Each structure stands twice: as C-alpha cells, then as structure tokens.
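Contents: one structure, followed by commentary.
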Ligand SMILES: [Fe+2]
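Residue numbers (my numbering): 51 to 385.
Structure follows, in structure tokens:
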C-alpha cells in the first residue's frame, strides 16, 4: 500500500483545534441545527439524576417488599388475592424499577438479606420485566409477565411456614411439601377474577424445566407457558444471588457461570442468552477483581462467550479472558 494513499490516517486526522471547530459550528447555525449550549456540569448532572433515580427505585423496592408481606398475610388468612391493590400499588413500582439506569445497581438492591420471601417476589417481578423488555415484548404483555413474576410463589402462603425458614437442607418429605406451592398458587390465582391466565399458569409451571426435569409435572419445553420460562430464569437468578438461612449469597459472576452451565437444555435458550448477555453488558466500565488478584475494568464482552470479557488492568495491560481461561472474574468491586 502506498504511503501517499489518499485514505492514509494522517490525512484523516483533522488539523483543527476544538476552539476552531466550535467557531465553525457557531457559524453553521441554521433552522435545522442549533448548537447545544456548552454545559460543563452536564456529566455531573446526569450522574446526580441517575443516583437519585437509583435511590428512588431502592425506596420503591423497600416499600413494595413491605406491601408484599401484608399481601402474603392477607392471602394466608382470607384465602383470596387482593388483585386490585396489587395492580394499582405494586405493579407500577415494579414497572418503574425496570427503568433502572444501570442494571448492575439492581443487583445490589436484590442482594439485601432480610425478608427473603417477600423481597424475592418483588425482585422476580422486576427481573422478569427487564427480560421482557430485552426480548422486545409489548408493554401490555410485559405488565402481565411482571404480575406473573410478582405472584409466582404466592402458593407458599399455604405450605408450613417453618419450612420456608429452615436453616438446614430440606429432607425428601419436606421438599415434597414445598413443591406443592406451585399447585396451591395455581389454585389461588385460577379462581381470582380479572387475572390473565398466564399469571396462574406461571405459578404452576415456574419450576418446570425445558428438558423435562422440573416439577410438578415434568413438562417439556413446548408445554411450558412463555411467561413461566421468563419467570424461571428470574427466579433462579435471584434465589442464587440471595443469602438464605442455609447458605450465603453467591457472587454475581458465579451465579452467571452456574446459570450458563445449566443452559444446556434446562432454561429456554433465547431467554437465558438475552438475560446473561444484558446482565454482563451492564458491567462494562465496572472494576472487577480477577482470580490472580489483579484488578481491572471490564471493557468488552465476547459475543460468543459473554462471560469471557476483555479486561484493562490497572497498569493498562489488556487481558482477554477468552484466551486466558485459567483466569476468571471473582467479583465486581464497589466504587
Ligand atoms: Fe417457586
């Protein structure tokens, strides 16, 4: 290739300074183009507004969790679901939380330890809503999927409560009792008026798996309702990410790796791939610690193996985790 090639890089670099470009732009003003005013505080303002949005979402998740505990009590005592209250008060909060500026912040929110049973339902609603958005599902259907996520475990109001808080692993008999929450939930929701049928079916099918290894009926992929396929991914992600009475919370990357390993047939492939890719994309720009102790920033994720990121270390060296399979991300660092 000739050095005098007209496309050589040197000729493409503009010799103009920023000031000279600003001057050109000022002279360029016409009806179609008005130069935006220069606002040195713009970035600060964006960060501030994102922070206040995240705080607002955090307050909403707290409030929705409290309301969910009241709803669980109501269902337990009255054997009916206050669906109007849920639609008017909780669903809008869920919908708002799916607008979170960076999904990773949601992960912090979801990891809170207390009141697992109630918080879990809220968080599954939010994650199911996010997955639906990423899949390009219409707003109307998305609301139904959020509601399905919110109420997927409502049948737990009907199982012996000590089993939900047991500090040791469940034995076979106890596990059989817990499994029945799917049937109880379906029964409760099926007889609730003004409820889309996918919401009741999700309560019944959210533990079914595409490869037929789930419960209660060991259905195969084509028999499982699409809402239940989305809620299944949200449910497992949040359950693994949370501290439970019998085990600590699993770090984010371990959860993603575990879910990816189980992808071979257990979850709906499209739902799982979209979920994992979007969750990992939310970490671009975040600081992470690697298994060799190094700290770096995630700069890119591989489209084929999203967990194999490109990391820029503190000494500016670039590490490709796809080529260095012995290295993994241990955890995301707080800033
Ligand atoms: Fe469940």
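Note that CB positions come from ideal geometry on N, CA and C, so glycine has one too.
The structure displayed is predicted, hence computed values, not measured ones.
For the pair of segments examined, the region 330-338 was found not to touch the region 263-283: the number of CB pairs separated by less than 8 Å stays below three. Sequence-distant Cβ neighbours of residue 296 in its own chain, meaning closer than 8 Å and more than five residues away, are 216, 217, 218, 219. With a minimum length of 4 residues, the unbroken runs of alpha helix (DSSP H) contained wholly in the region 189-226 fall at 189-200, 211-214. In this structure, the beta-carbon distance from residue 288 to residue 176 does not fall below 7 Å. Per DSSP, reduced to three states, the secondary structure at residue 228 is helical.
Contact between the region 139-150 and the region 249-256 is not established, with fewer than three Cβ pairs separated by less than 8 Å. Residue range 166-184 is occupied by the alpha helix (DSSP H) that includes residue 169, with no beta strand (DSSP E) assigned at that position. Between residue 198 and residue 248 the beta-carbon gap is near 6 Å, inside 8 Å, which marks them as a contact. As DSSP reads the structure, residue 351 sits in a beta bridge with 359.
A direct Cα-to-Cα measurement between residue 350 and residue 367 gives close to 14 Å. The beta carbon of residue 182 sits closer than 8 Å to those of 191, 192, 195, 196, 280, all from its chain and outside the five residues before and after it, given in chain order. Of 375, 300, 111, the smallest CA-CA separation from residue 149 is found for 111. CA-CA distance, residue 238 to residue 121, rounds to 13 Å.
When Cβ pairs closer than 8 Å are counted between the two stretches, the region 334-343 is seen not to touch the region 313-325, the count staying below three. DSSP links residue 379 through a beta bridge to 340. In the structure shown, the three-state DSSP call for residue 334 is coil.
One thing to note: residue 131 has its Cβ no nearer than 7 Å to the Cβ of residue 114. Here residue 186 is exposed: its Cβ has fewer than 16 other Cβ atoms, across all protein chains shown, within 10 Å. Here the alpha carbons of residue 292 and residue 380 stand approximately 17 Å from one another.
By the 16-neighbour rule on beta-carbons within 10 angstroms, residue 172 is buried.
No residue range can be given for residue 140, since it is assigned to no alpha helix (DSSP H) and is classified by DSSP as neither H nor E. In terms of Cα proximity to residue 373, the closest of 365, 384, 357 is 357. By DSSP's assignment, residue 369 forms a beta bridge with 361.
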